[in-house]
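Visitor: In the order they appear, the protein sequences are chains F and L.
In terms of full-length UniProt numbering, the first sequence has 96 at position 96, counting the first letter as 1, and numbering is strictly consecutive.
In terms of full-length UniProt numbering, the second sequence has 208 at position 208, counting the first letter as 1, and numbering is strictly consecutive.
Don't be surprised by glycine CBs; every beta carbon is placed ideally from N, CA and C.
Only a predicted model underlies this, so the values are computations on that prediction, with no experimental measurement involved.
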Amino acid sequence: MDLKKILQTSTGKELLSEYQLNLLTKHNIETMLDFHNAEDQQLHKLLAIKLESVVKIKNELALLHRDSERLVETVYESDFGTGIEELDKFLNGIGQPFRRGRVWEICGETGAGKTQLLYTLALNFAWKHKRQVLFIDSKHDFSTKRIQDMLLERKMDQETSEKAMANIQVVEALTAKNLIDVLKEFDWQMADGVQAALQTRVVVVDSLAACFVDLRGSSDMRMMRDCLLTEVACRVRKLAVRGVAFVIGNISFADQDAGIIYIKGLFMYIILFTSFVLLLDYSDDDGVEDGNSDEQCTRQQIEPMLGAYWSSVCTLRLSLEIPESTDCGDSDDGIVYNESQDDGLRMVNVLTNSYGPDGDTCLLQITDAGMV
Amino acid sequence: MENASSSSNKLNLFNNSCLDILQRDSQSRIATGHKGLDRHLGGGIALRQITELVGNSGTGKTKMCLQLCLNVQIPKSAGGLEGAALFIDTRRDFHPDRLQELAYDLERQYKHKSPDFQASKMLQNIHYVSCPDAVQLMATVLSSHRHLMAHPNIKVIVIDSLAFSLRMLEDGAQRFELLLELLQSMRRLQREHPVAWVVTNVLTHRCIGRQFHVVPALGDLYSNLINERIWFSRSGHCSLGKLWKTSRLVKD
């Protein structure tokens, strides 16, 4: 496949035919590199063209190659930045600017604003860098309206908006297998040099948990789930090495929700921190209980889904939390009805960070234009 | 070799941009009839999504379900989907009279645009299944693809109420397993058919830290898997959002 590029050079177009390309393949010259490294004499004989022409083609190829290299290099070098000033500042401080090859996980409870943050990141990237974002949607959930609303709120003109939106590519992956297929295909297309794949530097997954909920129950299923999770992790890491940055959404649970018991059943190696949760699961005696249970009664413990193994895959794991509000009095209807229910403040908490310290927090504000 | 196998079942990753989606599907939504809600939802509830209606009893959830069953039938000439509906009733709380009233209202509303759109026909297009317990509910959801085969124009399936039959089960683990099983088959069906699921849920109390909070029943994982949650309050207001604290009030 690669060799076809020779035909794109002006000399190549004049001199080489499809037949000659096939000849080359037959003699184990399969890539541009092979062609470049092959002896001039050999090529001269094989293709029955003049020696000077061979040299000419090679020179042109070298030029072509350097151009593409340079193009790729400039993209590689730049830090992407999240486009959220506050967050960028914060992340620079902990050695985790948003750049190529980073794998981030954003977890949070339902309704905390994970999706809003993911949309913001995707849109900021597509808009600022004029490059493509691949948005992997696992719940049939992608809403163009939300993107549109964000663009409207930012007072973008029609043309810029359309360009930004055209740069957000959406693909659906409803099961773990689909997700793996998508990642595989992306990998192949990158290897094949498909322009669209090379242009894509950021992949957003919303949300990973939904891909895995169907795999549960029997031990076979559990094994399958672990297998698939490992495969996803490998694929993600492989693409990260190629320079793609990942932002992956995941759900986390607070307190004694059924979800935790469920996860506990599924992941034998999950480590639970709250003594509260341990109390719920009598049959289990993995002896994690230590003395620090007092503080945990007051502060909610957050536990992202997908277990301990997954937590080691991401280079940065951010937890999006709603700061404790001062008062939540309940009315007779059970809920309080007031106009300003949500002040839009969210706390970003660094759970794990493989390039710097963790445990720091930063405040963000949700607005109609996205996160700021 | 790998390349060859990939091209046979080629996944097109890069031909479906946000812009393409925007230009393609402005139509495939079921209007709720509530102006503010329709505006916030971008024209109504979406096909291939699970929409949950939550609120205390008497706040209009069931009415909204019935309304959606009717609205899905609005003729294409009037900008509707011209579909049919499947109503799964777990509480034996289905009143045909109430439905008929709503149907007459809708007929009046569309009298000028499409005179053929009549209440009696509307009622024929709503298929009804009663599922008094969780096992039957499970069976119905699992076999709903057969309903869809027989009536391919079904565009909305309503479960009123999802929480009711599940909460009758005493064993928490069993209840949770059943819920996930239900969600799995609902999601599977969505993958294959352009159909919207509408489920209703109730509010319950949960102890978080040392305070009791009012939250929707059925848990967090379930909340994550549904696509949209609409809150109904006694004062007649609607809100959108997964969490009450972060939901947005919908103005008329």
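(1) For the structure I just gave you, are there three or more beta carbon pairs, one from the segment 188 to 202 of chain F and one from the segment 155 to 167 of chain L, closer than 8 Å?
(2) Helix, strand or coil, according to DSSP, for F164(L) in the structure here?
(3) I need the straight-line Cα distance from R29(L) to D220(F), nearest angstrom please.
(4) Could you give the distance in angstroms between the alpha-carbon of V202(L) and the alpha-carbon of T200(F)?
(5) Any C-beta of chain F within less than 7 Å: which residues of the segment 44 to 63 of chain L qualify?
(6) Put T204(L) into one of helix, strand or coil per three-state DSSP.
(7) Helix or strand or just coil, what does DSSP make of R346(F)?
(8) So, using beta-carbon positions, are F80(F) and H44(F) closer together than 8 Å?
(9) Based on the DSSP output, what are the partners of D89(L) in its beta bridges?
(10) Looking only at C-alpha atoms, which of K114(F), E303(F), E172(F) and E231(F) sits nearest to L351(F)?
(11) For T367(F), which residues of its own chain have a beta-carbon under 6 Å away from its beta-carbon, when the five flanking residues on both sides are left out?
(12) Give the residues of chain L in contact with M165(F), contact being defined as C-beta atoms less than 7 Å apart.
(13) Check the Cβ of N227(L) against every Cβ in chain F and list those closer than 8 Å, keeping chain order.
(14) Between the Cα of H36(F) and the Cα atoms of E162(F), T25(F), I49(F) and I57(F), which residue gives the shortest distance?
(15) Q190(L) CB to nearest chain F CB: under 8 Å?
(16) Can you name, in chain order, every residue of its own chain whose Cβ lies under 8 Å from the Cβ of R102(F), other than the five neighbours on each side?
(17) Inspect the beta-carbon positions of T120(F) and I94(F) and report whether they are closer than 8 Å.
(18) Looking at chain A, is there any beta carbon in it that lies within less than 8 Å of the beta carbon of Q184(L)?
(19) Report all residues from its chain with a CB closer than 7 Å to the CB of G44(L); omit the five preceding and five following residues, and keep chain order.
(20) Which residues bound the beta strand (DSSP E) around P216(L)?
(21) In whole angstroms, what separates the C-alpha of Q211(L) from that of H205(L)?
(22) Output, in sequence order along the chain, the residues in the segment 233 to 248 of chain L whose CB is closer than 9 Å to any CB in chain F.
(23) For the beta strand (DSSP E) containing G55(L), list its first residue and its last residue.
(24) Taking all protein chains shown into account, do 16 or more other C-beta atoms lie within 10 angstroms of the C-beta of E77(F), making it buried, or fewer, making it exposed?
(25) Would you list the residues sitting across from D206(F) in a DSSP beta bridge?
(26) Is it the case that the Cβ atoms of S165(L) and L189(L) are separated by a distance below 8 Å?
(27) How is the alpha helix (DSSP H) around I106(F) delimited, first residue to last?
(28) Would you check if the distance between the CB atom of Q116(F) and the CB atom of M371(F) is smaller than 8 Å?
(29) Leaving out the 5 sequence neighbours to the left and right, which residues in its chain are closer than 6 Å to Q132(F) when beta-carbon positions are compared?
(30) Keeping to the same chain, check which residues put their C-beta closer than 6 Å to that of S119(L); ignore five residues upstream and five downstream.
(31) Using the beta-carbon of each residue, which ones in chain L are nearer than 7 Å to R216(F)?
(32) Measuring only the C-alpha atoms, how far is H147(L) from C69(L)?
(33) Use the C-beta contact count for S144(L): other C-beta atoms within 10 angstroms, 16 or more gives buried, fewer gives exposed.
(34) Given a limit of 8 Å on CB to CB distance, which residues of the segment 135 to 161 of chain L reach chain F?
(35) Can you find a C-beta in chain F that's less than 8 Å from the C-beta of residue 257(L)?
(36) Just the C-alpha distance for R242(F) and L221(L), rounded to the nearest angstrom, thanks.
Guide: Taking the definition as stated:
(1) no
(2) helix
(3) 39 Å
(4) 43 Å
(5) R48, Q49 and N56
(6) strand
(7) strand
(8) no
(9) S130(L) and D160(L)
(10) E303(F)
(11) none
(12) S17, C18, L19 and L22
(13) K139, H140 and D141
(14) I57(F)
(15) yes
(16) Q96, A240, A245, F246, T315 and L316
(17) no
(18) The displayed structure is made up of protein chains F and L, and chain A is not among them.
(19) R29, I30, A31, T32 and D38
(20) Q211 to P216
(21) 10 Å
(22) S233, R234, S235, H237, S239, G241, K242, L243, W244, K245, T246, S247 and R248
(23) I50 to G55
(24) With a pLDDT of only 49 at E77(F), under the threshold of 50, the placement of this residue in the model should not be trusted; the figure read from the coordinates follows. When all chains shown are included, E77(F) counts as exposed.
(25) D137(F)
(26) no
(27) No alpha helix (DSSP H) holds I106(F); the beta strand (DSSP E) holding it covers V103 to G108.
(28) yes
(29) N167, Q169, Q199 and T200
(30) According to the sequence provided, residue 119(L) is Ala. The question's Ser does not apply to it. Here the set comprises A103, Y104 and E107.
(31) L180
(32) 15 Å
(33) buried
(34) none
(35) Residue coverage of chain L in this structure runs from 1 to 252, which leaves residue 257(L) outside it and unanswerable.
(36) 33 Å
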